[in-house]
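In what follows, a structure is listed as structure tokens, so that the remarks can point back to it.
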Amino acid sequence: MQYAINEITSIPNDQVKKLHEQGIKTADALLDAARTPADRRALSSATGIEEIKIFKWVNYADLSRIDGLDPELTTLLEEVGITTMLDLRGRSPFSLHSKMVSTNQKRNLVDQVPDMLHMADIVNHAKSMEPEVAYKD
């Protein structure tokens, strides 16, 4: 599902505007524009946005390709330490669910944490996908 770039909660409005000026309006467009380190350097140069921030956001965009993950749930995943597709693929659905419930009780990021079965589906879907973010040129 395509999410508007402004739905990525960690992107401030002023930086959303800079991305829009580069034609980047969706998470998919961000993934296309910042897939490789060279892409991220070029986008950083064009926008003045720090490359490390772009790297964080493009990993979020990669996670957003997983069925069952909406922007709020992806933010909760970030809060429990899941910032990349590889992170998610390596997690136990049981321990992940437990940590998400605990974190959400403290931070109230989502109305309802998905049940164990839903989390297992999300993790299994992540395992069936290849990350689209490149870490080396």
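When the letters of the sequence shown are read in order and numbered with our numbering, they come out as residues 397 to 533.
A virtual CB, placed ideally from N, CA and C, is assigned to each residue, including glycine.
Keep in mind the model is a prediction, meaning the values are calculated, not measured.
Among the options, the one whose alpha carbon lies nearest that of residue i
| i | options | result |
| --- | --- | --- |
| Lys413 | Ala442, Arg437, Asp428 | Ala442 |
| Arg503 | Leu482, Leu472, Ala522, Leu513 | Leu472 |
| Val529 | Leu492, Asp483, Glu403 | Asp483 |
| Tyr531 | Ala400, Thr470, Val476, Asn455 | Asn455 |
Helix, strand or coil at residue i according to DSSP, with G and I counted as helix
| i | result |
| --- | --- |
| Ala425 | helix |
| Ala530 | coil |
| Ala516 | helix |
| Ala400 | strand |
Own chain partners of residue i with C-beta closer than 8 Å, once the 5 adjacent residues on each side are dropped
| i | result |
| --- | --- |
| Lys452 | Ser406, Thr479 |
| Leu465 | Leu459, Leu473, Ile518 |
| Gln418 | Ala429, Leu439, Ala442, Thr443 |
Classification of residue i by the beta-carbon crowding that lies within 10 angstroms, buried from 16 upward
| i | result |
| --- | --- |
| Asn520 | exposed |
| Gln501 | exposed |
| Leu513 | exposed |
Chain B contact for residue i (CB, 8 Å cutoff)
| i | result |
| --- | --- |
| Tyr531 | Of the chains in the structure shown, none is chain B; there is only one protein chain. |
Euclidean distance between Cα positions of residue i and residue j
| i | j | result |
| --- | --- | --- |
| Asp507 | Lys523 | 26 Å |
| Thr422 | Asp511 | 28 Å |
| Phe490 | Met496 | 10 Å |
| Asn409 | Ile445 | 12 Å |
| Val509 | Leu469 | 8 Å |
Distance cut-off 7 Å: residue i Cβ against heavy atoms of the ligand GTP
| i | result |
| --- | --- |
| Glu526 | Among the ligands in the structure shown, none appear at all, so the ligand GTP cannot be discussed. |
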